[in-house]
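Asker:
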Amino acid sequence: MKALGESRKLGKGTHSWSFLDKTYNLKEEDRLMEFQDKTLTCTDCGKEFTFTSGEQSFYKEKGFQNEPTRCPECRLARRRDRNTHNRREKKLYNVTCASCGQPTQVPFEPRQGRPVYCKDCFTNAQV
Ligand SMILES: [Zn+2]
Ligand SMILES: [Zn+2]
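Under the numbering used here, the first residue of the sequence shown is numbered 4, with each subsequent residue one higher.
1. Tell me which residues share the same chain as VAL109 and place their Cβ nearer than 8 Å to its Cβ, disregarding the 5 neighbours each side in the sequence.
2. In terms of alpha-carbon separation, which member of GLU112, ARG81, CYS77 and GLU76 lies closest to LYS93?
3. Would you kindly report the start and end of the unbroken alpha helix (DSSP H) that includes THR156?
4. What is the residue span of the beta strand (DSSP E) that PHE52 lies within?
5. Does the distance from the CB of CYS74 to the CB of GLU51 come in under 9 Å?
6. Would you report the Cα separation of CYS103 and GLN115, rounded to the nearest angstrom?
7. Do GLN68 and SER56 have their beta-carbon atoms positioned less than 9 Å apart in this structure?
8. Please enumerate, following chain order, all residues with a beta carbon closer than 6 Å to at least one heavy atom belonging to ligand 1.
9. Please indicate yes or no: does the CB of TYR120 lie closer than 8 Å to some heavy atom of ligand 2?
10. Going by C-alpha distance, which of PHE61, ALA80 and GLU37 is nearest CYS45?
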């Protein structure tokens, strides 16, 4: 495939653009007319982050109306958090009932010297 135009970097932010025998000098800003890097503040950690022109065009492509409100780190942390929540099960400890000797599980860490009872014995003990 033959390229119609050729873009050459001319130094700081300026491009020379040759197209059909004409040469245009474009500034970086003109090239990215629509999208420019934006500095947004994260609502979670309050840090500033960059909403890059690339991300902005991506958002537009996807039809997202809203700008991101969180920095990439917080977004990642939240995603990780949600996964952990979904996967997290109540941690149970295997113990032996002090009353009937049956193996059982309790949702807390048994402390040494303290008798732990299975659910049945615990219920019975309370009555
Ligand atoms: Zn953040
Ligand atoms: Zn028991």
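Each residue gets a CB set at the ideal place from its N, CA and C atoms; glycine is no exception. Nothing here was measured: the structure is a model prediction, and the numbers come from that model.
Answerer: Based on what the coordinates show:
1. LEU95, TYR96, VAL98 and VAL119
2. GLU112
3. No answer is possible for residue 156: the residues shown for the chain start at 4 and end at 130.
4. 51 to 54
5. yes
6. 18 Å
7. no
8. CYS45, ASP47, CYS48, LYS50, ARG73, CYS74, GLU76 and CYS77
9. yes
10. ALA80
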